[in-house]
Amino acid sequence: MADARELQANLTEYRAQFRQATALTTDPDNDELIKLKQDLQEVINLTLDLLKVNEKTVIPSAAFKWKVGQKCQAVWSQDGSYYDATIDSISEDFTTCTVSFEKYGNTEIVKVSSLREKEQADSSAPKRVAETSIMAAPSTSKKSRANEDALREQKKKKMMKKKQRAKEIEEQREKDKQNWLDFFHNSKGGGSSKSGKSLKGVSKKSIFASPESIQGKVGVGTCGIGGQPMTQFTQPDKLVYKR
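For the sequence shown, the working numbering begins at 970 and goes up steadily by one.
This is the structure in structure tokens:
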């Protein structure tokens, strides 16, 4: 997963580009600019989701001391008391784990934060519970573990899709970066957009285009009249002052 600082930097850049695109939205029929804004909004939302996941998956340092196969004491859900157990598996986010209670063989899913080492055992904790309750525990714990695994896998797939979509948008954004810059500068300068459409009030014809007639000169007679004869000039009569 991307680093939180990298995601935050990307988010700042996306928002800046979105503001620029919004400022340039003067033509509601400009499909290209509308599509750009939609893509930027989508990647902003995806980045925010990834940042939330990063915040939720911060793992307490104490969780790293527990390992699969390690002996511990865990709380049995039926009576809330601690019993000797062995860690069978630990979730990817280190928030829950599956333990097997050594004396009775039943398993349960418990929070990692609730585990404690054997030497911290409460001497007053009961060492045995009713046989009927113990026999009923495995079925419940297996269903709970299956549901938790399915939910975790579903969330994982969902986040992978979001990350892939964000990656695709980012790659496309890099490809269109030059086009975006051209569009931005041309929009400010009154030129043509990257879609090839002329902006309002801007003449397509260059002042240096070759005139259509052989008498015309390049650069002479601009504004679309190159090649036409020059305006005729009539010499005014001399004024004679009588004294």
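By construction, the Cβ of each residue, glycine as well, lies at the ideal position given by its N, Cα and C atoms.
Spatial neighbours of residue i within its chain, please: C-beta separation below 8 Å, excluding the five flanking residues on both sides.
| i | result |
| --- | --- |
| Q1042 | Y1051, Y1052, D1053, A1054, L1084, R1085, E1086, K1087, Q1089, A1090 |
| D1018 | M1128, K1131 |
| T991 | K1006 |
| E1137 | none |
| L976 | T1016, L1019, L1020, N1023 |
Could you give the C-beta distance for residue i and residue j, rounded to a whole number, given that I count them as a contact under 8 Å?
| i | j | result |
| --- | --- | --- |
| L1020 | A973 | 6 Å |
| E1140 | V1012 | Actually they are not in contact, since the Cβ atoms of E1140 and V1012 sit about 11 Å apart, beyond 8 Å. |
| T1065 | I1078 | 6 Å |
| D1062 | V1037 | The pair is not a contact, with the Cβ atoms about 15 Å apart (cut-off 8 Å). |
| I1003 | W1035 | Not really, about 52 Å apart at Cβ, beyond 8 Å. |
Excluding sequence positions up to five away, which residues of its chain have a Cβ less than 7 Å from the Cβ of residue i?
| i | result |
| --- | --- |
| Q986 | L1009 |
| E1071 | D1053, A1054, T1055 |
| K1080 | T1064, T1065 |
| G1165 | Caution is warranted here: a pLDDT of 49 is assigned to G1165, below 50, making its placement in the model unreliable, and the coordinate value is therefore given only provisionally. For G1165, where only same-chain residues beyond five positions count, there are no Cβ hits under 7 Å. |
| N979 | T1016 |
| R1134 | L1015 |
Assuming residue i is part of the beta strand (DSSP E), what are its boundary residues?
| i | result |
| --- | --- |
| Q1039 | Careful: Q1039 lies outside any beta strand (DSSP E) and carries neither H nor E. |
| E1071 | Run containing E1071: none; DSSP gives neither H nor E here. |
| T1055 | 1051-1059 |
Just grab the DSSP bridge partners of residue i for me.
| i | result |
| --- | --- |
| I1078 | T1067 |
| R1085 | Q1042 |
Between which two residues does the alpha helix (DSSP H) carrying residue i extend?
| i | result |
| --- | --- |
| L976 | 973-992 |
Sorted by chain position, which residues of the same chain lie with C-beta nearer than 6 Å to residue i's C-beta, five sequence neighbours on each side aside?
| i | result |
| --- | --- |
| W1045 | Y1052 |
| T981 | none |
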